[in-house]
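2 protein chains.
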Amino acid sequence: MLATLIHAERDIRVETVPDPVLSTGPDAIVKVVAACVCGSDLWPYRGVTPTREPHRIGHEFVGVVEEIGPDVAHVAVGDFVIAPFYVCDNTCANCRNGVSTSCLGGGWWGGNDRQGAFADAGQGERVRVPLADGTLVVVPGPIPDELVPGLLTLSDVMGTGHHAAVSAGVAEGDTVAVVGDGAVGLCAIIAAKRLGASTIIAMSRHPERQALALAFGATHIVEERGDEGIARVRELTGGIGADQVLECVGTKESMDQAIRSTRPGGMVGYVGVPNGGPELPVRTLFDRNVGVNGGVAPVRGYIEELLPDVLSGAIEPGRVFDLELPLSEAAEAYAAMDERRAIKVLLRP
Amino acid sequence: MLATLIHAERDIRVETVPDPVLSTGPDAIVKVVAACVCGSDLWPYRGVTPTREPHRIGHEFVGVVEEIGPDVAHVAVGDFVIAPFYVCDNTCANCRNGVSTSCLGGGWWGGNDRQGAFADAGQGERVRVPLADGTLVVVPGPIPDELVPGLLTLSDVMGTGHHAAVSAGVAEGDTVAVVGDGAVGLCAIIAAKRLGASTIIAMSRHPERQALALAFGATHIVEERGDEGIARVRELTGGIGADQVLECVGTKESMDQAIRSTRPGGMVGYVGVPNGGPELPVRTLFDRNVGVNGGVAPVRGYIEELLPDVLSGAIEPGRVFDLELPLSEAAEAYAAMDERRAIKVLLRP
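Following this line, the structure appears as structure tokens:
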């Protein structure tokens with residue numbers, strides 16, 4: 011079968027790899043219907059994180075179950091399933107606490123060890139899914155093709171934007187600013203609106219992304235950054251800052267923007283993967299009682315909550331996909347996202 | 011009148027200063043019944059923060075109103091009042107948001123400018139209170155003398171411990187660890203119990219403080235620190251860490267202890283004044299979804315909530331005062347706290 015591998019910085023190849031086989035009782039084999047490229051895939055693509063040896067890549071996919079192991083009870087052959095961007099048992103203490111990304115028996119797609127338990131990855135024709143009962147969520151069919159992009163966002167970006175909003179405690183009537191106009195930032199706007207925010211400030215300089223932000227529920231656009239951006243947010247929030255700021259980038263600059271745009275007593279919800287680990291300025295947080303909450307989003311636990319709104323069309327996160335390519339053109343998908351020619355690229359095997 | 015001044019590192023003097031006079035319409039003059047020394051007063055005492063010129067010191071006091079300005083409406087001469095450790099109008103946007111420490115018109119006791127609006131301080135015979143209506147909370151009298159220590163804790167340590175617990179989101183049935191066995195840490199135990207925590211782990215090495223922690227509601231004592239302390243907390247919490255950890259010290263080590271003792275998806279509530287600004291390790295927080303919330307505690311807003319429980323004896327935070335001295339011996343009060351011979355010292359003018 012075909013699958014995407016990263017060999018080195020800016021070296022993405024679609025190659026023939028062995029078909030996956032069931033290796034444990036709780037496994038399932040999923041035939042991928044759609045996969046996509048994540049903003050965090052760009053860190054190894056850009057060489058920001060090193061690639062020591064070629065390995066499978068991709069952690070967002072939806073598909074149809076082709077085979078199940080003898081211990082699988084909640085997923086059947088033929089089911090349409092959403093896979094979160096990680097593997098979890100959905101039963102351990104951390105999963106029960108809503109933090110399935112810290113599952114005691116779970117792991118990540120596409121590890122360096124190609125033979126390892128979690129070595130399969132999403133950007134391929136098939137994926138072996140360990141802990142299928144815990145990891146996969148079945149979508150009742152039939153699934154019209156136009157719903158596929160929206161369902162695919164539940165594997166990562168929509169749940170991640172939602173996590174930013176939930177972590178920040180967004181509630182009815184709140185004033186929210188969103189730092190980052192990538193797919194996650196745009197989904198955070200959907201999430202903030204869905205949770206009742208009455209003012210949503212999107213920080214974006216890109217006309218197409220601004221348009222999508224407004225379509226998703228943003229009430230204001232702020233193009234400025236740094237001190238000017240903070241001043242604009244304060245102007246729009248009675249001089250004090252936003253109740254919550256959703257940080258969806260992961261750089262030192264974006265986190266600083268978020269912290270200083272938050273009102274005293276407010277909260278930063280952050281889901282941008284911290285690139286290089288910008289440390290948080292505790293004195294700035296302390297003096298103004300600004301909290302910071304979030305992290306790697308436990309999207310598995312959000313799928314059931316968000317799925318009905320995707321199926322009904324109440325939210326349309328699938329609109330973040332502005333380019334669709336065949337799997338064979340995965341390298342172009344990475345280049346398009348790297349060069350910001352596309353917000354997010356959907357790949358069809 | 012007599013008041014306490016800090017002249018330099020380890021140089022505390024009680025000196026004769028001019029009696030305070032009303033200077034603005036919203037002022038009140040309060041005759042101090044009891045004041046105390048705060049752990050944060052030890053930073054300048056120890057020279058960790060520099061004292062550039064002699065100035066009044068002390069920010070926790072209760073007393074009786076002696077005079078009021080023409081604009082004061084909610085406080086009357088003869089009222090027994092609690093002063094929070096800062097001045098606030100209790101009407102601005104930040105006060106309404108529950109963050110009166112960020113009051114747009116407020117300020118801090120004992121600034122370096124002895125003639126400034128907020129230059130008065132608590133460790134003296136009398137204090138001029140700006141914005142008396144917003145700052146002071148009246149306690150219905152008569153006030154039995156044995157209630158004075160408990161009421162005095164509402165000016166800072168009890169409200170601050172409560173803020174740690176509220177910021178961390180402590181709720182019924184939660185498992186809470188408290189880092190710090192000073193007066194604030196001990197009050198945080200009271201607060202956690204009051205909010206319904208079922209397991210409260212006090213991290214303390216001092217037998218007398220351990221005894222008070224247990225009396226206040228701690229269910230377990232952990233004497234170890236660092237990796238060993240974290241391992242002990244995990245042993246007591248099903249291997250994953252505490253739901254919330256209340257950080258009541260403010261050093262790099264204590265914050266590290268707190269963050270790493272929190273379970274995935276849990277929250278650190280922190281109120282220890284960050285001494286030197288230990289930066290927070292964002293990657294550690296991100297990977298485990300551990301949030302950090304808190305800051306300089308807006309205790310003014312908590313006084314009404316906590317006061318009935320102090321008056322009824324349901325909580326006894328006044329027990330943190332294990333030494334009482336006349337105001338004239340303020341220097342010994344500082345020394346006793348610095349050398350950890352006393353948890354907290356009450357001063358009587």
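Going down the list, the sequences are from chains S and V. Here our numbering is used: the first residue of the first sequence is 11, the next is one more, and so on. Here our numbering is used: the first residue of the second sequence is 11, the next is one more, and so on. Just so you know, even glycine gets a beta-carbon here, dropped at the ideal spot from N, CA and C.
Need the endpoints of the beta strand (DSSP E) that residue i sits in, please.
{"i": "H69(V)", "result": "From DSSP, H69(V) is part of no beta strand (DSSP E); its letter is neither H nor E."}
{"i": "F90(V)", "result": "F90 to A93"}
{"i": "I313(V)", "result": "Segment I313 to S322 is the alpha helix (DSSP H) holding I313(V); no beta strand (DSSP E) there."}
{"i": "C46(V)", "result": "A38 to C46"}
{"i": "I301(V)", "result": "Checking the displayed sequence, the identity of residue 301(V) turns out to be Gly instead of Ile. G301 to G304 is the span of the beta strand (DSSP E), which, as asked, contains G301(V)."}
{"i": "I210(V)", "result": "T209 to M213"}
{"i": "A187(V)", "result": "T185 to V189"}
{"i": "P217(V)", "result": "Segment P217 to F226 is the alpha helix (DSSP H) holding P217(V); no beta strand (DSSP E) there."}
{"i": "L333(V)", "result": "L333 to P336"}
{"i": "S23(S)", "result": "Correcting the residue identity first, residue 23(S) is Arg in this sequence and not Ser. That run of the beta strand (DSSP E) goes D21 to T26."}
{"i": "V232(V)", "result": "H230 to V232"}
{"i": "L12(V)", "result": "L12 to A18"}
Mind pulling the chain S residues with CB within less than 7 Å of residue i?
{"i": "L246(V)", "result": "Ordered by position in chain S, no residue passes the 7 Å Cβ test against L246(V), which lies about 14 Å from the chain."}
{"i": "R219(V)", "result": "Near R219(V) there are no residues of chain S at all, since even the closest Cβ is about 24 Å away, more than 7 Å."}
{"i": "V189(V)", "result": "Residues of chain S passing the Cβ test: none, with the nearest at roughly 15 Å."}
How would you list, in chain order, the residues of chain S whose beta-carbon sits under 8 Å from the beta-carbon of residue i?
{"i": "D184(V)", "result": "Near D184(V) there are no residues of chain S at all, since even the closest Cβ is about 11 Å away, more than 8 Å."}
{"i": "M277(V)", "result": "N303"}
Let's see if you can read the secondary structure: which residues bound the alpha helix (DSSP H) around residue i?
{"i": "D253(V)", "result": "Run containing D253(V): none in the alpha helix (DSSP H); it sits in the beta strand (DSSP E), A252 to E257."}
{"i": "T101(S)", "result": "No alpha helix (DSSP H) contains T101(S), which DSSP labels as neither H nor E."}
{"i": "R263(S)", "result": "The amino acid occupying residue 263(S) in the given sequence is Glu; Arg does not appear at that position. Per DSSP, E263(S) belongs to the alpha helix (DSSP H) from K262 to S271."}
{"i": "A5(S)", "result": "This structure cannot settle anything about residue 5(S), because the visible part of chain S is limited to 11 through 359."}
{"i": "V292(S)", "result": "V292 to R298"}
{"i": "R358(V)", "result": "Here R358(V) belongs to no alpha helix (DSSP H); instead the beta strand (DSSP E) covers V355 to R358."}
{"i": "I240(V)", "result": "G236 to E245"}
{"i": "A86(S)", "result": "Taken as a continuous stretch (DSSP letters only), A86(S) belongs to no alpha helix (DSSP H), as it is neither H nor E."}
{"i": "A346(V)", "result": "A340 to D348"}
{"i": "L52(V)", "result": "L52 to Y55"}
List the residues of chain V whose Cβ lies closer than 9 Å to the Cβ of residue i, in chain order.
{"i": "A207(S)", "result": "Near A207(S) there are no residues of chain V at all, since even the closest Cβ is about 16 Å away, more than 9 Å."}
{"i": "T112(S)", "result": "Checking the sequence shown, residue 112(S) turns out to be Ser, not Thr. Residues of chain V passing the Cβ test: I250, R273, P274, G275, D297, R298 and N299."}
Write down the C-beta distance between residue i and residue j rounded to the nearest angstrom, noting that I regard them as a contact closer than 8 Å.
{"i": "G301(S)", "j": "N303(V)", "result": "3 Å"}
{"i": "E257(V)", "j": "V149(V)", "result": "Actually they do not touch by this definition, with Cβ atoms about 30 Å apart."}
{"i": "G169(V)", "j": "A352(V)", "result": "That pair is no contact at about 21 Å."}
{"i": "V194(V)", "j": "D253(V)", "result": "About 20 Å separates the two Cβ atoms, so there is no contact after all."}
{"i": "P94(S)", "j": "I313(S)", "result": "7 Å"}
{"i": "V72(S)", "j": "I78(S)", "result": "Their Cβ separation, rounded to whole angstroms, is 17 Å, which puts V72(S) and I78(S) out of contact at 8 Å."}
{"i": "A223(S)", "j": "L196(S)", "result": "6 Å"}
{"i": "D143(V)", "j": "P30(V)", "result": "That pair is no contact at about 18 Å."}
{"i": "C98(V)", "j": "T145(V)", "result": "6 Å"}
{"i": "A340(V)", "j": "L357(V)", "result": "6 Å"}
Name, please, each residue of chain V whose Cβ falls closer than 7 Å to the Cβ of residue i.
{"i": "G108(S)", "result": "G275"}
{"i": "A103(S)", "result": "G248 and I250"}
Residue i touches chain V at which residues, Cβ-Cβ below 8 Å?
{"i": "P284(S)", "result": "V292, R293 and F296"}
Shorter than 7 Å from the beta carbon of residue i to some beta carbon of chain B?
{"i": "V75(V)", "result": "The chain labelled as chain B is not found among the protein chains of the depicted structure, namely S and V."}
### Query
What residues from the region 156-177 of chain V come within 9 Å of chain S, judged by C-beta to C-beta, listed N to C?
H173 and S177
### Query
What residues from the region 286-304 of chain S come within 8 Å of chain V, judged by C-beta to C-beta, listed N to C?
G287, P288, E289, L290, P291, V292, R293, L295, F296, D297, R298, N299, V300, G301, V302, N303 and G304
### Message
By the 9 Å beta-carbon criterion, what residues does the region 304-328 of chain V contribute toward chain S?
### Response
G304, G305, V306, A307 and P308
### Message
Threshold first: 4 residues or longer. Then list the alpha helix (DSSP H) segments lying entirely within the region 108-181 of chain S, N to C.
### Response
142-145, 158-163 and 167-178
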